[in-house]
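Notes follow the structure.
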Amino acid sequence: MVNLSLSLLFNACREPDIFIQPEMESTGDTTRTEVIGFYLLNEGNMGSNKASLDYYDFSSGTYTRNIYQAVNPEVKQSLGDVGNDIKIYGSRLYAVINCSNLVEVMDAATTKHIGTIQVPNCRYLAFKDGYGYLTSYAGPVVVDATKAQIGYVAKFDTTTLQIVDTCHVGFQPDELEVVGNQLYVANSGGYMVPNYEHTVSVIDLENKSRKTIDVVNNLHRLRADRYGQIWVSSRGDYYDQPSRLYCIDTKTDKVTDSVMVAVSNMWIDGDSLYICATEFSYITYDTEVTYAIVNVKTHEIVTRNFIQDPTVKIDVPYGIAVNPKTKDIYVTDAKNYVSPGTLWCIGQNGMAKWSVRTGDIPAHICFRFKTEKI
Amino acid sequence: MSSFVFYILSLSLCRLAATRRTLGWSQRIICVCLFIICVHPIWAIPEPESDSISRFCTLDEVTIVAKKQTGVIPAQSLDGERLQELSAHSVADAMRYFSGVQIKDFGGVGGIKTVDIRSMGSHHVGVFYDGIEVGNAQNGTVDLGKFSLENIESVSLYNGQKTESLQSAKDFGSAGTIYIRTRRPTFEHGKKYNVIVGMKAGSFGLANPSLLYEQKLSESVSLNMNVEYTYATGRYPFTIKKHLPNGSVAWDTTGYRQNGDVNAFRAEAGLFGYLPHGKWHIKGYYYQSNKGIPRAIIRNVWTSSQRQWDRNAFVQGAFQYRVGRRWEMQISAKYANDKMRYLNPDTTLMYIDNTFLQQEVYISWANQVELFDWWNLTLSGDYIYNTLSSNMANFVYPIRHTALVAAATSFHYKWIQAQASVLGNFVQDRISNHQSTTNNQKPCFTPAVFLSYQPLLKEQWFIRAFYKQIFRMPTFNDLYYTDVGNIALKPEETKQYDVSLEYSKQFTLHDAQGTKIGLHAKVDGYFNQVKNKIVAIPKGNSQYRWMMMNIGYVEIRGVDVNAGLDFTFPLSTTSFPLHLKVSGNYTYQKAQDFTDSNNPITYGGQIAYIPWHSCSALANLKWNGLSFNYSFIYVGERYHNSANIPANYEQPWYTHDVALGYLFKIRPAKNKVNTSFDIDTSLEINNIFNQQYDIILNYPMPGINGKFIVKFII
Chain Z
2 MVNLSLSLLF NACREPDIFI QPEMESTGDT TRTEVIGFYL LNEGNMGSNK ASLDYYDFSS
62 GTYTRNIYQA VNPEVKQSLG DVGNDIKIYG SRLYAVINCS NLVEVMDAAT TKHIGTIQVP
122 NCRYLAFKDG YGYLTSYAGP VVVDATKAQI GYVAKFDTTT LQIVDTCHVG FQPDELEVVG
182 NQLYVANSGG YMVPNYEHTV SVIDLENKSR KTIDVVNNLH RLRADRYGQI WVSSRGDYYD
242 QPSRLYCIDT KTDKVTDSVM VAVSNMWIDG DSLYICATEF SYITYDTEVT YAIVNVKTHE
302 IVTRNFIQDP TVKIDVPYGI AVNPKTKDIY VTDAKNYVSP GTLWCIGQNG MAKWSVRTGD
362 IPAHICFRFK TEKI
Chain B
41 MSSFVFYILS LSLCRLAATR RTLGWSQRII CVCLFIICVH PIWAIPEPES DSISRFCTLD
101 EVTIVAKKQT GVIPAQSLDG ERLQELSAHS VADAMRYFSG VQIKDFGGVG GIKTVDIRSM
161 GSHHVGVFYD GIEVGNAQNG TVDLGKFSLE NIESVSLYNG QKTESLQSAK DFGSAGTIYI
221 RTRRPTFEHG KKYNVIVGMK AGSFGLANPS LLYEQKLSES VSLNMNVEYT YATGRYPFTI
281 KKHLPNGSVA WDTTGYRQNG DVNAFRAEAG LFGYLPHGKW HIKGYYYQSN KGIPRAIIRN
341 VWTSSQRQWD RNAFVQGAFQ YRVGRRWEMQ ISAKYANDKM RYLNPDTTLM YIDNTFLQQE
401 VYISWANQVE LFDWWNLTLS GDYIYNTLSS NMANFVYPIR HTALVAAATS FHYKWIQAQA
461 SVLGNFVQDR ISNHQSTTNN QKPCFTPAVF LSYQPLLKEQ WFIRAFYKQI FRMPTFNDLY
521 YTDVGNIALK PEETKQYDVS LEYSKQFTLH DAQGTKIGLH AKVDGYFNQV KNKIVAIPKG
581 NSQYRWMMMN IGYVEIRGVD VNAGLDFTFP LSTTSFPLHL KVSGNYTYQK AQDFTDSNNP
641 ITYGGQIAYI PWHSCSALAN LKWNGLSFNY SFIYVGERYH NSANIPANYE QPWYTHDVAL
701 GYLFKIRPAK NKVNTSFDID TSLEINNIFN QQYDIILNYP MPGINGKFIV KFII
């Protein structure tokens with residue numbers, strides 16, 4: 002037994018912990034357009050500290066997993082815990098790392114670490130005129146009995162990365178968009194179950210005046226289309242109220258329509274609003290999956306299943322994006338949340354072009370253009 | 041189907057037994073006494089709860105107890121001195137020295153520690169405290185870090201089940217079972233009381249005073265009382281280091297573990313009595329703790345402020361009586377009242393202040409009927425009543441009625457010993473939310489068969505085998521936890537197949553001194569299946585939505601090896617012999633996840649946190665009150681997910697612990713028992729090479745640490 006322990010000591014010892022190196026995979030699909038690639042932010046399960054960044058290069062058709070660590074080996078504990086949003090603005094790439102309480106700011110071309118913006122429990126990002134706007138759940142406690150904390154939007158300077166202003170919104174604010182000079186914020190109230198929030202906050206960026214638009218419980222996604230409309234989704238209450246999509250006209254700031262479709266994630270490209278959804282039913286004890294397209298001009302559901310390919314097997318559709326040039330649809334599969342996910346590329350004909358393995362919980366995609374758009 | 045197989049099997053067993061009887065082979069086999077020297081505690085068959093009415097004769101260090109071996113499959117067991125010699129604070133720490141066991145440990149004295157036997161999952165582990173199961177209807181697992189070794193006499197692990205004749209239906213009810221037995225009062229001749237005052241102090245603010253008092257009330261009744269307080273700051277340093285592919289350090293950071301403090305108080309009192317044809321005991325238990333919950337060490341956030349308060353109280357008792365020459369019964373009962381409060385005061389996150397109250401009533405009636413000297417029947421019925429209430433929103437206040445009925449038959453003829461049993465499980469839940477609903481689980485019947493064959497009666501060779509099928513009920517959390525629970529869950533099922541070979545021998549060398557040697561070795565090979573495994577799966581559109589589903593399927597193939605050697609060297613220069621004990625365990629497990637055949641990365645992968653190789657070794661050298669202990673634990677490479685890819689790789693870890701002890705015997709007046717006392721002192725140094733390791737991803741474990749223990753034994 003002593004011999005065994007000794008041999009184990011020599012043969013099965015710990016080795017220095019070495020960074021996981023990037024892994025490359027070719028899709029065999031090369032396209033050259035103004036859209037040169039995209040970043041994919043993997044959330045990583047809570048507590049695992051496994052948020053990671055992948056990159057897809059269109060011209061070579063190469064998917065590279067886990068690029069951040071190799072470029073930034075000096076950053077302690079890498080990207081952090083739970084990636085929640087990713088955006089490019091100017092020459093910089095911004096990744097919101099929710100449980101690490103920060104936004105990681107990188108060079109958009111190289112992903113070299115530039116700095117961080119520290120905001121507790123930060124959620125989603127939007128940009129306008131050199132400033133970034135970031136939602137956070139972690140405002141001051143406003144109801145002593147339940148310790149309910151109001152959410153806020155932090156405004157930061159994209160050159161200095163300093164917070165310059167904050168503005169309270171509703172409880173647990175999620176996605177946000179700037180239309181004209183108005184900032185629209187979807188409030189969820191996710192910590193207040195069953196007393197969800199049901200409003201969109203509207204902030205005038207010039208005079209900071211605020212108002213709210215009453216929509217429905219537990220709002221989450223919020224995207225603007227090219228017709229001055231805001232599309233906002235509700236998660237539902239998981240019991241009686243199903244997940245739904247609502248339309249707000251920003252000229253009147255009124256809810257103008259609702260579309261009978263569940264929404265987990267969405268992406269607007271031109272007139273098409275692409276939706277993927279998993280909705281759990283307490284009646285069937287099963288999840289129903291939808292891949293829908295809504296025409297934002299007519300408000301009609303064009304299809305409820307844009308994936309026609311029977312070889313596409315997705316457990317949990319989680320992230321969605323559409324290439325603005327090729328119109329290819331990218332849908333991510335988060336599987337069981339703790340093992341690596343999959344990214345599927347679906348053509349406009351509904352057939353799969355390719356799929357690749359990603360990090361844990363592939364979720365958020367942002368495209369890179371040949372000349373970075375401001 | 042399986043119950044049918046069992047029926048056929050038990051019929052054939054009866055027929056076989058009957059044939060033997062007509063041949064006139066019947067003997068009083070059950071009373072075949074087996075002499076087991078307690079210097080082999082790791083593999084000694086622990087003295088069954090049900091025997092040894094006269095346990096008062098304790099000799100010096102080598103205790104020889106005559107036992108009737110009533111179990112078919114022996115336990116792995118640590119008891120008496122061996123248990124105290126381990127550098128272990130809690131029962132969970134001691135479990136690391138058993139084969140086939142994996143511990144989930146979040147680090148430090150206050151960190152949660154759960155046990156997984158042969159990779160079937162911690163929900164399949166039954167934990168018995170003084171013969172009665174420690175229930176947790178809420179989440180189905182028991183934190184073994186809560187049970188300090190202070191007053192523990194033995195810890196035993198049974199794979200499959202304990203296979204004695206007189207046992208409650210609950211004893212049949214788990215895939216693997218841990219029996220924790222607290223100290224029973226025993227008195228040296230002429231003594232009426234025992235007092236032990238102890239103090240442990242050590243690294244990370246550990247202070248652990250304890251007091252034990254035992255009183256002989258009459259010739260047949262004795263009392264014991266034990267109180268213990270544990271305090272630790274849990275503030276230990278840790279280092280995380282990452283390297284570049286060329287081997288140079290990329291970054292290296294050191295921190296202190298935050299919010300790992302623990303304040304725990306435990307008090308127990310018991311009465312033990314003997315009757316002409318039976319025995320009884322009753323005990324009260326109270327445990328209260330207030331501890332911080334350390335968080336995963338992630339980028340930018342190393343602190344946490346979550347706290348947990350536990351209050352566990354129970355009263356339990358058992359009465360065992362021989363009704364006639366051939367009928368023995370045992371009645372046990374328990375009432376438990378457990379309160380848990382969890383607080384997250386950090387308002388940058390979701391503020392949570394939840395309180396859960398669980399109550400349990402347990403009644404058991406176990407019977408053993410000796411049909412013939414070589415053939416026993418067991419019939420036991422248990423009833424358990426569980427309730428859970430909470431201040432959570434949308435809580436459904438579940439109430440569970442469980443009836444368990446076990447029927448078993450065991451026989452023992454010379455070289456063959458066998459038990460076959462069937463357990464019936466009847467569960468009815470009631471919940472009240474908008475309206476009252478009843479949720480009846482389908483009755484399940486599960487069989488088990490155990491065989492032991494000793495080819496040569498003069499040699500301690502044993503070939504054993506067992507098959508066991510058992511369910512675990514979905515817990516209250518699985519079924520009814522607000523938003524996560526799934527009322528449609530089915531029980532999770534395990535099947536175990538095991539074959540083992542065991543050999544032991546004691547002999548004296550014909551050398552000048554007459555060195556005594558004891559050796560022992562045991563090898564188990566097993567195959568387990570876990571079906572309908574209850575797994576949390578994502579339900580909706582964010583990480584905060586999960587759902588419990590019966591989707592998992594795991595197959596486990598394993599080998600457990602235990603071996604030990606004991607030497608007693610009589611020294612010519614002194615009257616005290618030198619004792620050397622060496623033992624070791626090795627476990628190989630291939631535990632594969634066959635849940636999702638569409639996912640080639642996880643399909644067939646080794647399940648989370650199960651190493652292929654693990655082992656432990658213990659060495660103890662003892663001479664006249666002086667003792668030296670060395671222990672070693674090794675857990676090989678693992679992955680923290682069944683996707684066995686580099687990103688999920690976990691390094692092996694291994695710790696070396698040493699301890700030096702001396703027992704001072706203070707004898708002021710000769711031959712007067714009442715004025716003499718002992719002082720037992722020891723110094724432990726754990727993780728002597730200061731290895732920085734994690735058992736669970738991002739939960740660093742303590743590096744080198746020490747402890748000083750002093751006990752006054754009066």
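Protein sequence lines, in the order shown, are assigned to chains Z and B. Here the first sequence stands for residues 2 to 375, numbered as in the numbering used here. Here the second sequence stands for residues 41 to 754, numbered as in the numbering used here. Glycine is no exception: its CB is placed at the ideal position from the N, C-alpha and C atoms.
Suppose contacts are defined by Cβ-Cβ distances below 9 Å. Is residue i in contact with residue j by that definition?
| i | j | result |
| --- | --- | --- |
| A134(B) | L126(B) | yes |
| I276(Z) | I321(Z) | yes |
| D334(Z) | D310(Z) | no |
| F668(B) | G701(B) | yes |
| D82(Z) | G45(Z) | yes |
| V186(Z) | L177(Z) | yes |
| I574(B) | P514(B) | yes |
| Y292(Z) | F307(Z) | yes |
| W199(B) | Q536(B) | According to the sequence provided, residue 199(B) is Asn. The question's Trp does not apply to it. Cβ atoms of N199(B) and Q536(B): closer than 9 Å. |
| Y391(B) | Y192(Z) | yes |
| C248(Z) | W268(Z) | no |
| K148(Z) | T387(B) | yes |
| Q783(B) | F278(B) | Lying outside 41 to 754, the shown extent of chain B, residue 783(B) is not represented and no answer is given. |
| L444(B) | F212(B) | yes |
| N73(Z) | N102(Z) | no |
From the DSSP output, read off the bridge partner residues of residue i.
| i | result |
| --- | --- |
| E16(Z) | Paired residue(s): none; E16(Z) is not in a bridge. |
| F511(B) | E533(B) |
| H321(B) | F312(B) and A358(B) |
| R347(B) | G332(B) and L383(B) |
| I152(B) | Answer is none; I152(B) lacks a bridge partner. |
| N196(Z) | Bridge partners of N196(Z): none, in fact. |
Please look up how many angstroms separate the CB atoms of residue i and residue j, rounded, as I've assumed it's under 8 Å.
| i | j | result |
| --- | --- | --- |
| L428(B) | F396(B) | 6 Å |
| I728(B) | H696(B) | 5 Å |
| V264(Z) | S244(Z) | 6 Å |
| Y137(B) | S656(B) | 5 Å |
| N572(B) | P531(B) | 7 Å |
| I371(B) | S420(B) | That pair is no contact at about 11 Å. |
| T112(Z) | I68(Z) | 6 Å |
| T222(B) | D156(B) | About 24 Å; that fails the 8 Å criterion. |
| S49(Z) | R339(B) | Incorrect: roughly 11 Å between the Cβ atoms, too far for contact. |
| D119(B) | E193(B) | 6 Å |
Let me see if you follow: with CB-CB separation under 9 Å, is residue i close to chain C or not?
| i | result |
| --- | --- |
| I308(Z) | Here the protein chains are Z and B, and chain C is not one of them. |
Taking 8 Å as the cut-off, does the stretch 260-271 of chain B touch the stretch 239-252 of chain B (at least 3 CB pairs, one atom from each stretch)? yes
Does the stretch 355-369 of chain B come within contact of the stretch 311-327 of chain B, defined as at least 3 CB pairs closer than 8 Å? yes
Are the stretch 415-427 of chain B and the stretch 493-506 of chain B touching, with three or more C-beta to C-beta distances below 8 Å? no
Just checking, does the stretch 585-600 of chain B make contact with the stretch 617-634 of chain B on the three C-beta pairs under 8 Å criterion? yes
Residues within the stretch 192-220 of chain B neighbouring chain Z, beta-carbon criterion of under 9 Å: none
Residues of the stretch 110-128 of chain Z in Cβ contact with chain B at a cutoff of 9 Å, in chain order, please. T117, Q119, P121 and N122
Examine the Cβ distances between the stretch 146-157 of chain Z and the stretch 168-177 of chain Z and report whether three or more of them are shorter than 8 Å. yes
With contact counted as at least three CB pairs below 8 Å, one residue from each stretch, are the stretch 476-493 of chain B and the stretch 181-195 of chain B in contact? no
Going along the chain, which residues of the stretch 281-305 of chain B sit with their C-beta nearer than 7 Å to a C-beta in chain Z? K281, K282, H283, L284, P285, G287, A290, W291 and T293
Residues of the stretch 54-86 of chain Z whose Cβ lies closer than 8 Å to any Cβ of chain B, in chain order: N67, P74, E75, V76, K77, Q78, S79, L80, G81, D82 and V83
Cβ contact (3+ pairs, closer than 8 Å) linking the stretch 331-341 of chain B and the stretch 281-300 of chain B: yes
Taking beta-carbon pairs under 8 Å, can you tell me which members of the stretch 14-25 of chain Z lie near chain B? C14, R15, E16, P17, D18, I19, F20, I21 and Q22
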